[in-house]
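**Q** I'd like to ask you about the structure that follows.
In this note's numbering, the protein residues as written are 39 to 214.
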């Protein structure tokens, strides 16, 4: 299943530089984007390119924890405008997270809640603040017929709720 969502927000008083600092401070993601982002680690960084590992949690009827790796590129379109492109390169569902039996599930064991996720941010400083737009394009695996009644609402709500949460969390962090 393909999910494509877009949202826009305005952060009064925020600047393009504030946004760039927020988005590239991956060590602070668990603070700013909690409870969805549990842990982060920069695997590579060169100029405007980052490769980042994030442990994320999605909670709905059930809770799913995934280790996700992203290639993220930032670009400037002037002093007050820019963008970022984030593409997942690996998504692994975690069994028994936070316990001594924690392990990455094999592709045959995973539930397929998220297979890939691309996120596109654009931002512009004007009107006394910062306009931010995020577009999220995610791919999930097909849902087994026997479990569709419980899994489908979860899978279909994750992309929209995650986008709304991320946009709201970024706006709140910029207000601080």
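Built from N, CA and C at the ideal position, the CB exists for glycine as well.
What separation, rounded to the nearest whole angstrom, lies between the Cα atoms of residue 197 and residue 208?
**A** Looking up residue 197 in the chain shown gives position 159. Looking up residue 208 in the chain shown gives position 170. If you take the alpha carbons of residue 197 and residue 208, they lie about 16 angstroms apart.
**Q** Taking the C-alpha atoms as reference points, what is the distance between residue 57 and residue 115?
**A** Counting from 1 along the chain shown, the entry for residue 57 is found at position 19. Counting from 1 along the chain shown, the entry for residue 115 is found at position 77. Between residue 57 and residue 115, the C-alpha separation is close to 14 angstroms.
**Q** Could you give the uninterrupted runs of the beta strand (DSSP E) lying entirely in the segment 46 to 117, keeping only those of 3 residues or more?
**A** Taking only runs of at least 3 residues, the beta strand (DSSP E) segments lying wholly in the segment 46 to 117 are 75 to 84, 87 to 97, 101 to 114.
**Q** Can we say the segment 103 to 115 touches the segment 125 to 134, given the rule of at least three CB pairs closer than 8 angstroms?
**A** Judged by Cβ distances under 8 angstroms, the segment 103 to 115 makes contact with the segment 125 to 134, as three or more pairs qualify.
**Q** What is the rounded straight-line gap between the Cα of residue 66 and the Cα of residue 190?
**A** Against the chain shown, residue 66 aligns to sequence position 28. Against the chain shown, residue 190 aligns to sequence position 152. Between residue 66 and residue 190, the C-alpha separation is close to 32 angstroms.
**Q** Rounded to the nearest angstrom, what separates residue 44 and residue 140 at their Cα positions?
**A** In the chain shown, counting from the first residue as 1, residue 44 sits at position 6. In the chain shown, counting from the first residue as 1, residue 140 sits at position 102. Computed Cα separation, rounded: 34 angstroms.
**Q** Kindly indicate which three-state DSSP category residue 137 falls into: helix, strand or coil?
**A** On the chain shown, position 99 is the one that residue 137 refers to. Reduced to three states, the DSSP call for residue 137 is coil.
**Q** Taking the C-alpha atoms as reference points, what is the distance between residue 199 and residue 146?
**A** Here residue 199 corresponds to residue number 161 of the chain shown, with the count starting at 1. Here residue 146 corresponds to residue number 108 of the chain shown, with the count starting at 1. Roughly 27 angstroms between the two C-alpha positions.
**Q** What residues in its chain sit with their C-beta under 6 angstroms from that of residue 52, if we drop five residues either side in the sequence?
**A** Looking up residue 52 in the chain shown gives position 14. Closer than 6 angstroms at Cβ, skipping near neighbours: 167, 168, 212.
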